[in-house]
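Chemist: In the working numbering, the protein residues as written are 649 to 1052. Heads up, the beta-carbon is just placed ideally off N, CA and C, and yes, glycines get one too. In this text the structure is predicted, and so the values were computed from the model without any measurement. I am attaching a structure below and will ask some questions about it afterwards.
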Ligand SMILES: Cc1cc2nc3c(=O)[nH]c(=O)nc-3n(C[C@H](O)[C@H](O)[C@H](O)COP(=O)(O)OP(=O)(O)OC[C@H]3O[C@@H](n4cnc5c(N)ncnc54)[C@H](O)[C@@H]3O)c2cc1C
């Protein structure tokens, strides 16, 4: 039997950004349907066992997620606060350190496995009135019909809504079906991602070393027992080198990683299976079409060096939900062009700015020209001595680009 649901907002993609958008929008009074292709994972965390995909969540995102009632659902102890970030140039002497004390904060952010954040969001979405969650389905087709979007799901049910929000990630099918063009930067690199164990505790410090091949990040993890001997790594390597590193026997991979990381946390003793992701930046030339809006990675995907991808997505979601709140006060329909334009105006330039900054950073650190090596090492060392000058840099690095 074909069922039809009529709602204000249809969200395609129940990942981190789609679910957060659903919760904030429902709190503004919208009736929301979320369609997610995967089924929710109902697992409990196991001490010492980590999943490979993690995100650095800024304090700003944390505050917003707390306001939405999501942060409270994270498994106890599983979000690792980092109070310090140490960055150095593997090709020179340049070093810079950022400390939470520099900005009078308790910490610089938290490292969280994506899995637990998605599951906290899912639990909160289930408890939020006005949200219908449809898991294990995709959208077969959608079309714009008068002042409605009409979508047919893979179980043949039909959802009509005033506006469709594409939160279906970097390879967004909705964006492609809508023919929305993108600009792309391919770094011809992959990121190798895995969890490693080290002899010494990380003590809540995030590390990033710029190697000739690209950045290598060690992001501190913590389990519910408070153990601090595991970190998630993101190692950028050229496309030609990635397969060889993935295929190396574990011992040899750890030897190569130990060398690259300069034994900073003592010996690396073990690692989980390795995964790789292509490193590309992508930005959609438009975020909106009639009764359609792109949010999160569907609109922009950043180099993970920034550690900002999902934080920018959360800012998109908060801005859009706020525009819907303002629109309702004025009697505007959530799919109206005026409302969607206001969202696009606020977010597109901001996200592009973050991408351009990342591109500049990547170019500076990607160069092994002796002059570039000399100037960045000198610059890092000088800046490291100036705690006042470091503050805006820390705020930018933490995703608070507009903060003072
Ligand atoms: C190696 C790596 C490291 C990263 N590290 C960080 C970091 O430290 N900090 C940070 O902020 N960001 C980081 N990012 C980026 C971050 O992972 C993304 O910005 C974030 O996942 C985007 O969230 P999203 O919800 O927009 O998209 P996604 O996480 O891609 O979610 C999309 C959702 O849509 C669903 N979906 C897709 N197609 C359909 C369909 N047709 N129908 C129904 N459902 C569909 C998917 O199942 C998924 O649940 C990293 C990225 C990479 C690759």
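By how many angstroms is the C-alpha of residue 657 removed from the C-alpha of residue 976?
Modeler: By 1-based counting over the chain shown, the position of residue 976 is 328. By 1-based counting over the chain shown, the position of residue 657 is 9. Between residue 976 and residue 657, the C-alpha separation is close to 13 Å.
Chemist: Is residue 705 near ligand 1, going by C-beta to nearest heavy atom under 8 Å?
Modeler: Here the question's residue 705 lines up with position 57 in the chain shown. Result yes, Cβ under 8 Å from ligand 1.
Chemist: In terms of residues, what are the limits of the beta strand (DSSP E) holding residue 806?
Modeler: Translated into the one-based positions of the chain shown, residue 806 becomes position 158. Residues 806-814.
Chemist: Helix, strand or coil: how does DSSP classify residue 753 here?
Modeler: Against the chain shown, residue 753 aligns to sequence position 105. Coil.
Chemist: Buried or exposed, going by whether 16 or more other CB atoms sit within 10 Å of the CB of residue 964?
Modeler: To locate residue 964, count along the chain shown from 1; it is residue 316. Its Cβ being crowded by 16 or more others within 10 Å, residue 964 is buried.
Chemist: Any chance the CB of residue 866 is under 8 Å from a heavy atom of ligand 1?
Modeler: The residue labelled residue 866 in the question sits at position 218 within the chain shown. No; taking the cut-off as 8 Å, the Cβ of residue 866 has no heavy atom of ligand 1 nearer than that.
Chemist: Using CA atoms only, rank isn't needed, just tell me which of 823, 792 and 814 is closest to residue 808.
Modeler: Residue 808 sits at position 160 when you count from the first residue of the chain shown. Taking only the C-alpha atoms, the option nearest residue 808 is 792.
Chemist: Determine whether the beta carbon atoms of residue 686 and residue 813 lie at a separation below 9 Å.
Modeler: Within the chain shown, residue 686 is the residue found at index 38, counting from 1. Within the chain shown, residue 813 is the residue found at index 165, counting from 1. Going by C-beta atoms, residue 686 is not nearer than 9 Å to residue 813.
Chemist: Bridge partners for residue 796 per DSSP, in chain order?
Modeler: Position 148 of the chain shown, counted from the start, is the residue given in the question as residue 796. BP columns for residue 796 point to 793.
Chemist: Give me, in chain order, the residues of the same chain whose beta-carbon lies closer than 7 Å to that of residue 694; leave out the 5 immediate sequence neighbours on both sides.
Modeler: Numbered from 1 along the chain shown, position 46 holds the residue referred to as residue 694. No residues qualify anywhere along the chain.
Chemist: Mind checking which residues open and close the alpha helix (DSSP H) that includes residue 668?
Modeler: In the chain shown, residue 668 corresponds to position 20, counting from 1. Taken as a continuous stretch (DSSP letters only), the alpha helix (DSSP H) holding residue 668 covers 664-675.
Chemist: Quick one: is residue 660 buried, meaning 16 or more other Cβ sit within 10 Å of its Cβ, or exposed?
Modeler: To locate residue 660, count along the chain shown from 1; it is residue 12. With 16 or more Cβ atoms within 10 Å of its Cβ, residue 660 is classed as buried.
Chemist: Would you mind reading off the limits of the alpha helix (DSSP H) that contains residue 958?
Modeler: Reading the chain shown from its first residue, position 310 is the one you call residue 958. Element bounds for residue 958: 957-977.
Chemist: Decide yes or no for the touch test of the stretch 700-716 against the stretch 890-906: beta carbon pairs closer than 8 Å, at least 3 of them.
Modeler: No, the stretch 700-716 is not in contact with the stretch 890-906.
Chemist: Would a C-beta distance cut-off of 9 Å place residue 857 and residue 940 closer than the cut-off?
Modeler: Taking the first residue of the chain shown as position 1, residue 857 is located at position 209. Taking the first residue of the chain shown as position 1, residue 940 is located at position 292. No, they are not a contact pair.
Chemist: Helix, strand or coil for residue 933 per DSSP?
Modeler: By 1-based counting over the chain shown, the position of residue 933 is 285. Three-state DSSP puts residue 933 in coil, outside helix and strand.
Chemist: Given a threshold of 16 other Cβ atoms within 10 Å of its Cβ, counted over all protein chains shown, does residue 971 qualify as buried or as exposed?
Modeler: The residue labelled residue 971 in the question sits at position 323 within the chain shown. So residue 971 ends up on the buried side.
Chemist: Pull up the DSSP beta-bridge partners for residue 845, would you.
Modeler: Within the chain shown, the letter at position 197 stands for residue 845. Answer by DSSP bridge pairing, in chain order: 878 and 918.
Chemist: What does a CB cutoff of less than 6 Å around residue 990 pick up in its chain, not counting 5 residues either side in sequence?
Modeler: Locating residue 990 in the chain shown gives position 342, counting from the first residue. Taken in chain order, the residues that qualify are 971.
Chemist: Output yes or no for whether 9 Å exceeds the beta carbon distance between residue 787 and residue 844.
Modeler: Translated into the one-based positions of the chain shown, residue 787 becomes position 139. Translated into the one-based positions of the chain shown, residue 844 becomes position 196. No.
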